[in-house]
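Chemist: Under my numbering, think of the first position of the sequence shown as 4, with each following residue one higher.
Where a beta carbon is used, it is the ideal one built from N, C-alpha and C, also for glycine.
First, the structure itself, so that you have it in front of you.
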Amino acid sequence: MSSGSSSVIERARARIVYDSRGSPTIEVEVRTASGAVGTAAAPAGKSRGRHEAVPYPDGDPYRSAQIFNQEIALKLVGRDALDQRGVDAFLREVDGTPNFSRIGGNLALATSVAIAWAAARSASLPLFAHLSKIFNMRTALPLPLGNVIGGGAHTLGQAPDIQEFLVFAFPEASLRKAVEANFLVHRRVSSALTELFPKAAIGRNDEGAWAAPLPSEQALSLLTDIIESVANETGVPLAVGLDVAASSLWDSSRQQYVYKREGVRRDPGEQIDFIIDLVSTYPIKYVEDPLHEDDFAGFREITDKLRKFDCLVCGDDLFVTNPERLEHGIKEGAASAILVKPNQVGTLSDTFRVAQLAHTHGYVRIASHRSGETEYAYLSHVAVAIGARLIKTGIMGSERVAKLNELIRIAEHLGIER
Ligand code: PGA
Ligand code: ZN
Numbered sequence: 004m005s006s007g008s009s010s011v012i013e014r015a016r017a018r019i020v021y022d023s024r025g026s027p028t029i030e031v032e033v034r035t036a037s038g039a040v041g042t043a044a045a046p047a048g049k050s051r052g053r054h055e056a057v058p059y060p061d062g063d064p065y066r067s068a069q070i071f072n073q074e075i076a077l078k079l080v081g082r083d084a085l086d087q088r089g090v091d092a093f094l095r096e097v098d099g100t101p102n103f104s105r106i107g108g109n110l111a112l113a114t115s116v117a118i119a120w121a122a123a124r125s126a127s128l129p130l131f132a133h134l135s136k137i138f139n140m141r142t143a144l145p146l147p148l149g150n151v152i153g154g155g156a157h158t159l160g161q162a163p164d165i166q167e168f169l170v171f172a173f174p175e176a177s178l179r180k181a182v183e184a185n186f187l188v189h190r191r192v193s194s195a196l197t198e199l200f201p202k203a204a205i206g207r208n209d210e211g212a213w214a215a216p217l218p219s220e221q222a223l224s225l226l227t228d229i230i231e232s233v234a235n236e237t238g239v240p241l242a243v244g245l246d247v248a249a250s251s252l253w254d255s256s257r258q259q260y261v262y263k264r265e266g267v268r269r270d271p272g273e274q275i276d277f278i279i280d281l282v283s284t285y286p287i288k289y290v291e292d293p294l295h296e297d298d299f300a301g302f303r304e305i306t307d308k309l310r311k312f313d314c315l316v317c318g319d320d321l322f323v324t325n326p327e328r329l330e331h332g333i334k335e336g337a338a339s340a341i342l343v344k345p346n347q348v349g350t351l352s353d354t355f356r357v358a359q360l361a362h363t364h365g366y367v368r369i370a371s372h373r374s375g376e377t378e379y380a381y382l383s384h385v386a387v388a389i390g391a392r393l394i395k396t397g398i399m400g401s402e403r404v405a406k407l408n409e410l411i412r413i414a415e416h417l418g419i420e421r
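Next comes the structure, spelled out in structure tokens:
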């Protein structure tokens, strides 16, 4: 479409707001000549990959806000918000480092998304439609991948070493039924845990998943029983997913995975056998980061071995939404899916570059939130525009549910509400 002058950026500013953990985060607001406003704030990871973009210079969001207001805002004025690639390239240029360590990857993302929103509003399009048009990818409506039992870095105290026990519906389910089935599983897990531990206070972790003193296998058998009964009652076929987040278990000096809370150590071969054993015993159809972030060869081996179980192997810390790391994975045959977390890489252009590469090479795209989230729901638009099969949004808390509610609205817009 012709932009005229209405999508030209007239004003931009950054401010600090707070995320779901009460930590400061960056928010950027952009206004175009037509009066359209785009705002976006960045989320924050806790179980971060070593190869991610640096969220803030010296870990300080206030510094990023200052850089934006003093150095970047004025240079954005006069640029066309429709030129997303140009604006994103400009952000890379002003940063001048390979991983946004000078201005902060979170600042880059908030700016990139705020500009996309302003452009979409100038063009009277929903964000997903605008993104799918400028980045030329086919849309798809993802189903939720919900974290119902939490351990690892997201959960304090006696909880499983594996970071996330997830539930998701098979693709034939409708969005609404899939969302409701996930919530029902979460509720049933709560009742089962209260019965198992009548004297314990069962808390919810950063993403709303239940935290309980369960070894991994017990968590899996409890979840298996619950998804079977919920699937029978609701008619929604369900599967289990795991995010092992194995980098946080990896002890590089001993070359072992350390399951501290369960008192077990596994060398890489034993780790692969352990995961295969779990997948062959329980209805697990998704495994994220089963090995540490630099073990591409191990990922190839486990991907090959899990193929016959029809189980996705997803790289989160392995790929960190980075096109070069995904290219390496493609050459190695590592993983069959990629987690797409926009703030791991910085801008929307980078996010879509990696998503396009994944699509071309047959990797399933799974859009993902971070454990520290905001009320913004642009992730749902990105998920639809990259043709994601699943979207990881934790499970409870309005910052998590906001993404699902936005998907419901998008589904209605697409005319595929069932
Ligand atoms: P995060 O972890 O705390 O870095 O957001 C989530 C994940 O490992 O998927
Ligand atoms: Zn992960």
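(1) Out of curiosity, what's the CA-to-CA distance linking Thr-2 and Val-387?
(2) Which of helix, strand or coil does DSSP assign to Leu-202?
(3) Kindly list the residues whose CB is nearer than 7 Å to the CB of Ala-123, restricted to its own chain and excluding five residues on each side of it in sequence; keep chain order.
(4) Can you find a heavy atom of the ligand ZN that lies under 8 Å from the Cβ of Ala-56?
(5) Is there contact between the segment 331 to 347 and the segment 73 to 88, where contact requires at least three CB pairs shorter than 8 Å?
(6) Tell me the start and end of each unbroken beta strand (DSSP E) in the segment 243 to 267 that is at least 3 residues and wholly inside, in chain order.
(7) Would you list the residues sitting across from Ala-17 in a DSSP beta bridge?
(8) Answer with buried or exposed for Arg-18, where buried requires no fewer than 16 other C-beta atoms within 10 angstroms of its C-beta.
(9) Given a cut-off of 9 Å on the beta-carbon distance, is the pair Leu-112 and Thr-377 in contact?
(10) Are the segment 329 to 336 and the segment 360 to 376 touching, with three or more C-beta to C-beta distances below 8 Å?
(11) Apart from the five residues on each side of it in sequence, which residues of its chain come closer than 7 Å, Cβ to Cβ, to Ala-358?
(12) Consult DSSP for Lys-308 and reduce its assignment to one of helix, strand or coil.
(13) Which residue marks the beginning of the beta strand (DSSP E) containing Arg-370, and which one marks its end?
(14) If you draw a straight line from the C-alpha of Val-170 to the C-alpha of Ser-224, how long is it?
(15) In angstroms, rounded to a whole number, what distance separates the CA positions of Val-90 and Asp-298?
(16) What does the alpha-carbon distance come out to for the pair Leu-252 and Ala-76?
(17) Can the beta-carbon of Ile-70 be found less than 9 Å from the beta-carbon of Arg-16?
(18) For the structure I just gave you, are there three or more beta carbon pairs, one from the segment 145 to 161 and one from the segment 48 to 64, closer than 8 Å?
(19) On the criterion of 16 or more Cβ atoms from any shown chain inside 10 Å, does Pro-293 qualify as buried, or is it exposed?
(20) Of the choices Lys-180, Ala-338, Glu-55, whose alpha-carbon is the least far from that of Asn-235?
(21) What residues in its chain sit with their C-beta under 7 Å from that of Val-385, if we drop five residues either side in the sequence?
(22) Would a C-beta distance cut-off of 9 Å place Ala-249 and Gln-274 closer than the cut-off?
(23) Just checking, does the segment 201 to 208 make contact with the segment 252 to 268 on the three C-beta pairs under 8 Å criterion?
(24) I'd like to know if the segment 23 to 31 and the segment 309 to 325 are in contact, where contact means that at least 3 CB-CB pairs between them fall below 8 Å.
(25) Per DSSP, what are the beta-bridge partners of Tyr-289 in this structure?
Modeler: Judging by the given coordinates:
(1) In this structure the chain extends from 4 to 421, so residue 2 is not present and cannot be described.
(2) On the sequence shown, position 199 is the one that residue 202 refers to. What sits at residue 202 in the sequence shown is Lys, not Leu. Coil, per DSSP.
(3) Position 120 of the sequence shown, counted from the start, is the residue given in the question as residue 123. Pro-129, Leu-130, His-133.
(4) Numbered from its first residue, the sequence shown carries residue 56 at position 53. Checking every heavy atom of the ligand ZN against the Cβ of Ala-56, none is found closer than 8 Å.
(5) no
(6) 259 to 262
(7) Residue 17 sits at position 14 when you count from the first residue of the sequence shown. Val-31, per the DSSP bridge assignment.
(8) In the sequence shown, residue 18 corresponds to position 15, counting from 1. The C-beta of Arg-18 has fewer than 16 other C-beta atoms within 10 Å across all chains shown, which makes the residue exposed.
(9) Here residue 112 corresponds to residue number 109 of the sequence shown, with the count starting at 1. Here residue 377 corresponds to residue number 374 of the sequence shown, with the count starting at 1. Pairing Leu-112 with Thr-377 gives a Cβ-Cβ distance that is not under 9 Å.
(10) yes
(11) Taking the first residue of the sequence shown as 1, we reach residue 358 at position 355. Once the five neighbours on either side are set aside, the close Cβ partners of Ala-358 are Met-140, Val-343, Arg-368, Ile-389.
(12) As a working note, residue 308 is residue 305 in the sequence shown. Lys-308: helix per DSSP, three-state reduction.
(13) Working through the sequence shown from its first residue, we reach residue 370 at position 367. Reading off the sequence, residue 370 comes out as Ala, not Arg. Counting along the chain, the beta strand (DSSP E) containing Ala-370 begins and ends at 367 to 371.
(14) Here residue 170 refers to the residue found at position 167 of the sequence shown. Here residue 224 refers to the residue found at position 221 of the sequence shown. Cα to Cα, Val-170 sits roughly 13 Å from Ser-224.
(15) For the purposes of this step, residue 90 is taken as the residue at position 87 of the sequence shown. For the purposes of this step, residue 298 is taken as the residue at position 295 of the sequence shown. About 35 Å.
(16) Translated into positions along the sequence shown, residue 252 becomes position 249. Translated into positions along the sequence shown, residue 76 becomes position 73. Using only the alpha carbons, I get a separation of about 41 Å.
(17) One-based indexing of the sequence shown puts residue 70 at position 67. One-based indexing of the sequence shown puts residue 16 at position 13. Result no, Cβ atoms of Ile-70 and Arg-16 do not sit closer than 9 Å.
(18) yes
(19) If you number the sequence shown from 1, residue 293 lands on position 290. Pro-293 comes out buried.
(20) Here residue 235 corresponds to residue number 232 of the sequence shown, with the count starting at 1. Among Lys-180, Ala-338, Glu-55, the Cα nearest to that of Asn-235 is on Lys-180.
(21) Sequence index remark: in the sequence shown, residue 385 carries index 382 (1-based). Hits under 7 Å: Leu-134, Pro-345, Thr-354, Ala-370.
(22) What you label residue 249 is simply residue 246 of the sequence shown in a count that begins at 1. What you label residue 274 is simply residue 271 of the sequence shown in a count that begins at 1. Note that the C-beta distance between Ala-249 and Gln-274 is below 9 Å.
(23) no
(24) With the cut-off at 8 Å, the segment 23 to 31 and the segment 309 to 325 do not touch.
(25) By 1-based counting over the sequence shown, the position of residue 289 is 286. For Tyr-289, which the question treats as bridged, DSSP gives the partners Gly-244, Leu-315.
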